[in-house]
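A.B. asks: Submitted below is the structure of interest, expressed as structure tokens.
Residue numbers (full-length UniProt numbering): 1 to 679.
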């Protein structure tokens, strides 16, 4: 590996030079340089350096004292940079490029725009207008919010005569609180926002604890007519990833707004609130516990605005990362959701309705997506957590996508027939289950990619089913031992413990349910399956108009001998639901809030709050609820118009909430993703 010497610097100068202080342009690309090779003492002699090329090296950060006072142009493409804040030491920088540094995100773009006041070009794009917004409007709004937060919650906590310890204590509490509660802009910029809020709060405290606090917060600056709040990334849309697909950093998505909303069947006593969505009618306020935020048409084939036929099938909220300094100390749920349908996968910010990323494969129809968090070795044997998205569908191929890097790094040819659903193990981060139309459920170890995205996937297990598996769920109390599947021909359980020798396994149990005629059956389509808590299972389609809740522990004896057997599901309750005979309208649960969700054939979402029942069900002597439990609320589909025509015959294929039930994402048969927010 090359080390930087005076001779090397003189040789790589453009043109070659005889003295360091005369060098204005320097090319240090493709030298396998690491951060430790950038010697501040040597670089401090480059007093007149204006252009520096450090591309195609191994840099993970910049030393804090390179002392290049006249630097105007810097190229850091194709390195391993993880942080950009040290670039503030180059205040005259006008042009900066750091493409293909996979650990840098949109948040880092915004940081350099704030730190470098003279920056005009970032990754080849003119960011002048956006940077002015970040430095002026964004900063004023955050300053106002920080000041207001102090005034409302902390000013009165500090005694007029205070000690150093009291100041230290309230400073610690305030910094933590303000970073958690001051929110501005989309969730994709939450790290940048917390970074700026902390900076503003520290400056504010340094001033206010030494002087009289200004009781009139600075007014928010109004944006110019042409200076709209922008979440656009300065990066250009990524190029095609050879044969595996392509990501774009942002897209122009079509938003459909409701022209009139129907009255919801609401829980008695709920307050009157007007929907935030824009209605074209003066209809009276409705009793709702959830309000529609956005209606997005972002999975269109060929980006056609006329596409109202693409079916949307699966959505999963992105898990929060535990990334040391970048960890959010309080927030327990993400507002970014991955959705799939047709040829594309979208990442959506539920609060703003912004489509953050879109991934497309022209020959695919995606049916399922799932998240996992992998701990990857990044450089110098250091480890870092990254969210990986798995997506699969009609081609039987699993795509593995490193979302932060906008990169589909590989694929697994898992089945020769379509994959209906996928899910990751909650205990083994690399273990992925794929359920296919070939009547098999496979367990894969997807491996952990190295710094060059090399990975090795291996098949660990194959579960043989009697019919096509539609939904799968791991038993929460023993996720490494038992898996349940709702199939075209019934509900089954398999032992998936890997200490067993056989790689191919038949089911251990087939569950019996009541049928329409009052008898018992094992042969029925189960197209909805999820755990409400550690023991209660929710499933549907054993008979019309009914969703069953039943006990895992009291239905299945885990001490059995492992032979195939038929067991009766111990029913705890039935939920009242639509009488439709249409299939594949799946259900979901929010265990933290004891909620069940299921859409119907009329575009409605049935919501069940079961918190009043779960305690009784957990009792060993818990009795079955005699009557069907009605929905707590039914969210009615609004009357949407597209191109002047009303959208009709809307099926709700899937409904998913985030873990805290703040947002509800509704996927339809008409290429519309609806996002509701709990009031």
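Where is the CB? At the ideal position from N, CA and C, for every residue including glycine. From a predicted model like this one, the values you see are computed outputs, not experimental measurements.
What is the residue span of the alpha helix (DSSP H) that residue 146 lies within?
C.D. replies: Counted from its first residue, the chain shown places residue 146 at position 146. Per DSSP, residue 146 belongs to the alpha helix (DSSP H) from 139-153.
A.B. asks: Which complete beta strand (DSSP E) runs does the stretch 440-521 hold, if anything under 3 residues is left out?
C.D. replies: 440-445, 458-464, 469-474, 482-487, 490-495, 509-514
A.B. asks: For my contact list, residue 436 and residue 412 are in at a C-beta cut-off of 8 Å; report their separation, rounded to the angstrom.
C.D. replies: Numbered from its first residue, the chain shown carries residue 436 at position 436. Numbered from its first residue, the chain shown carries residue 412 at position 412. Rounded, the Cβ-Cβ distance is 12 Å, inconsistent with contact.
A.B. asks: Quick check on residue 680: does DSSP put it in helix, strand or coil?
C.D. replies: The shown model of the chain, from 1 to 679, leaves out residue 680, and the question about it has no answer.
A.B. asks: Between the beta-carbon of residue 351 and the beta-carbon of residue 593, is there less than 9 Å?
C.D. replies: On the chain shown, residue 351 is found 351 positions in, with the first residue counted as 1. On the chain shown, residue 593 is found 593 positions in, with the first residue counted as 1. Cβ atoms of residue 351 and residue 593: not closer than 9 Å.
A.B. asks: For residue 19, name the three-state secondary structure that DSSP assigns.
C.D. replies: As a position in the chain shown, residue 19 is number 19, starting the count at 1. DSSP places residue 19 outside both helix and strand once states are collapsed to three, so it counts as coil.
A.B. asks: Considering only residues of the stretch 545-598, which uninterrupted beta strand (DSSP E) runs meet the minimum length of 3 residues and lie entirely inside it, listed in chain order?
C.D. replies: 546-551, 565-568, 570-576, 587-590
A.B. asks: With distances taken between CB atoms, is the gap from residue 399 to residue 391 smaller than 9 Å?
C.D. replies: Residue numbering aside, residue 399 sits at position 399 when the chain shown is read from its first letter. Residue numbering aside, residue 391 sits at position 391 when the chain shown is read from its first letter. Yes, these two residues count as a Cβ contact at 9 Å.
A.B. asks: Can you tell me which of the three DSSP states residue 391 falls into?
C.D. replies: As a position in the chain shown, residue 391 is number 391, starting the count at 1. Reduced to three states, the DSSP call for residue 391 is strand.
A.B. asks: Who are the Cβ neighbours of residue 16 in its own chain at under 8 Å, not counting the five residues just before and after it?
C.D. replies: Reading the chain shown from its first residue, position 16 is the one you call residue 16. Closer than 8 Å at the Cβ level, and outside the excluded window around residue 16, lie 10.
A.B. asks: Is there contact here, the stretch 135-150 with the stretch 300-319, by at least three beta-carbon pairs under 8 Å?
C.D. replies: For the pair of segments examined, the stretch 135-150 was found not to touch the stretch 300-319: the number of CB pairs separated by less than 8 Å stays below three.
A.B. asks: Give the straight-line distance between the Cα atoms of residue 663 and residue 337, rounded to the nearest whole angstrom.
C.D. replies: Counting from one through the chain shown, the residue named residue 663 turns up at place 663. Counting from one through the chain shown, the residue named residue 337 turns up at place 337. So the alpha carbons of these two residues sit roughly 10 Å apart.
A.B. asks: Between the beta-carbon of residue 432 and the beta-carbon of residue 372, is there less than 9 Å?
C.D. replies: Translated into positions along the chain shown, residue 432 becomes position 432. Translated into positions along the chain shown, residue 372 becomes position 372. Going by beta carbons, residue 432 and residue 372 fall inside the 9 Å limit.
A.B. asks: Pick from 565, 25, 611: whose alpha carbon is nearest that of residue 510?
C.D. replies: The residue labelled residue 510 in the question sits at position 510 within the chain shown. When 565, 25, 611 are compared, the shortest CA-CA separation from residue 510 is found for 565.
A.B. asks: Within 10 angstroms of its Cβ, does residue 7 collect 16 or more other Cβ (buried), or is it exposed?
C.D. replies: Within the chain shown, numbered from 1, the residue matching residue 7 stands at position 7. The residue is exposed, with fewer than 16 neighbouring Cβ atoms inside 10 Å.
A.B. asks: By Cβ distance below 6 Å, which residues in the same chain neighbour residue 368 in space, the five residues on each side in sequence not counted?
C.D. replies: Start at 1 with the first residue of the chain shown, and residue 368 comes out as number 368. So the list reads 314, 392, 421, 422, once near-sequence residues are dropped.
A.B. asks: How far does the beta strand (DSSP E) with residue 639 in it reach, from first residue to last?
C.D. replies: The residue given as residue 639 occupies position 639 in the chain shown. Run containing residue 639: 639-642, per the beta strand (DSSP E) assignment.
A.B. asks: Look up residue 100 in the DSSP assignment and say whether it is helix, strand or coil.
C.D. replies: On the chain shown, residue 100 is found 100 positions in, with the first residue counted as 1. Note: residue 100 maps to coil in three-state DSSP.
A.B. asks: What does the alpha-carbon distance come out to for the pair residue 310 and residue 387?
C.D. replies: On the chain shown, residue 310 is found 310 positions in, with the first residue counted as 1. On the chain shown, residue 387 is found 387 positions in, with the first residue counted as 1. Going by the C-alpha atoms only, they are around 27 Å apart.
A.B. asks: Which partner residues does residue 436 have in the DSSP bridge list?
C.D. replies: The residue you call residue 436 lines up with position 436 of the chain shown. Paired residue(s): 419.
A.B. asks: How is the alpha helix (DSSP H) around residue 40 delimited, first residue to last?
C.D. replies: Counting from one through the chain shown, the residue named residue 40 turns up at place 40. For residue 40, the enclosing alpha helix (DSSP H) stretches over residues 40-43.
A.B. asks: Can you give me the C-alpha to C-alpha distance between residue 280 and residue 650, rounded to a whole angstrom?
C.D. replies: Reading the chain shown from its first residue, position 280 is the one you call residue 280. Reading the chain shown from its first residue, position 650 is the one you call residue 650. Unreliable placement is indicated for residue 280, whose pLDDT of 32 sits below 50; no coordinate value is reported for it.
A.B. asks: So residue 661 and residue 598 are supposed to be a Cβ contact under 8 Å. How far apart are they, rounded?
C.D. replies: Counting from 1 along the chain shown, the entry for residue 661 is found at position 661. Counting from 1 along the chain shown, the entry for residue 598 is found at position 598. 15 Å between Cβ atoms; not a contact.
A.B. asks: Which residues in the same chain as residue 85 place their Cβ atom closer than 8 Å to its Cβ, once the five residues preceding and following it in sequence are excluded?
C.D. replies: Locating residue 85 in the chain shown gives position 85, counting from the first residue. So the qualifying residues of the chain are 111, 115.
A.B. asks: If we ignore side chains and look at the alpha-carbon of each, how far apart do residue 87 and residue 203 end up?
C.D. replies: In the chain shown, the residue the question calls residue 87 occupies position 87. In the chain shown, the residue the question calls residue 203 occupies position 203. Near 21 Å, if we compare the C-alpha coordinates of residue 203 and residue 87.
A.B. asks: Mind checking residue 349: buried by the 16 CB within 10 Å criterion, or exposed?
C.D. replies: As a first step, residue 349 must be located in the chain shown, where it is residue number 349. So residue 349 ends up on the buried side.
A.B. asks: Helix, strand or coil for residue 528, going by three-state DSSP, please let me know.
C.D. replies: Here residue 528 refers to the residue found at position 528 of the chain shown. Looking at residue 528 - three-state DSSP - the assignment turns out to be strand.
A.B. asks: Using only CA atoms, which one of 154, 180, 182, 179 lies nearest to residue 169?
C.D. replies: The residue you call residue 169 lines up with position 169 of the chain shown. For the residues 154, 180, 182, 179, the minimum Cα distance to residue 169 belongs to 154.
A.B. asks: Note down, in chain order, each residue of its chain lying with its Cβ closer than 6 Å to the Cβ of residue 465, except the 5 sequence neighbours on either side.
C.D. replies: Here residue 465 refers to the residue found at position 465 of the chain shown. Correct list, in chain order: 439, 487.
A.B. asks: Which residues mark the beginning and the end of the beta strand (DSSP E) in which residue 672 is found?
C.D. replies: In the chain shown, the residue the question calls residue 672 occupies position 672. No beta strand (DSSP E) contains residue 672, which DSSP labels as neither H nor E.
A.B. asks: The beta strand (DSSP E) that contains residue 74, what's its start and end?
C.D. replies: What you label residue 74 is simply residue 74 of the chain shown in a count that begins at 1. Where residue 74 is concerned, the enclosing beta strand (DSSP E) stretches over 73-75.
A.B. asks: Can you tell me whether DSSP reads residue 171 as helix, strand or coil?
C.D. replies: What you label residue 171 is simply residue 171 of the chain shown in a count that begins at 1. Here residue 171 sits in helix by DSSP.
A.B. asks: Determine the DSSP secondary structure at residue 308, reduced to helix, strand or coil.
C.D. replies: Along the chain shown, read from residue 1 onward, the residue named residue 308 stands at position 308. Note: residue 308 maps to coil in three-state DSSP.
A.B. asks: Three or more C-beta pairs under 8 Å: does that hold for the stretch 67-79 against the stretch 87-98?
C.D. replies: yes
A.B. asks: Quickly, what does DSSP pair residue 292 with across the bridge? List them, please.
C.D. replies: For this step, residue 292 is matched to residue 292 along the chain shown. Partner(s): 676.
A.B. asks: Looking only at DSSP bridge pairs, what is residue 336 linked to?
C.D. replies: The count along the chain shown starts at 1 and reaches residue 336 at position 336. Per DSSP, 349.
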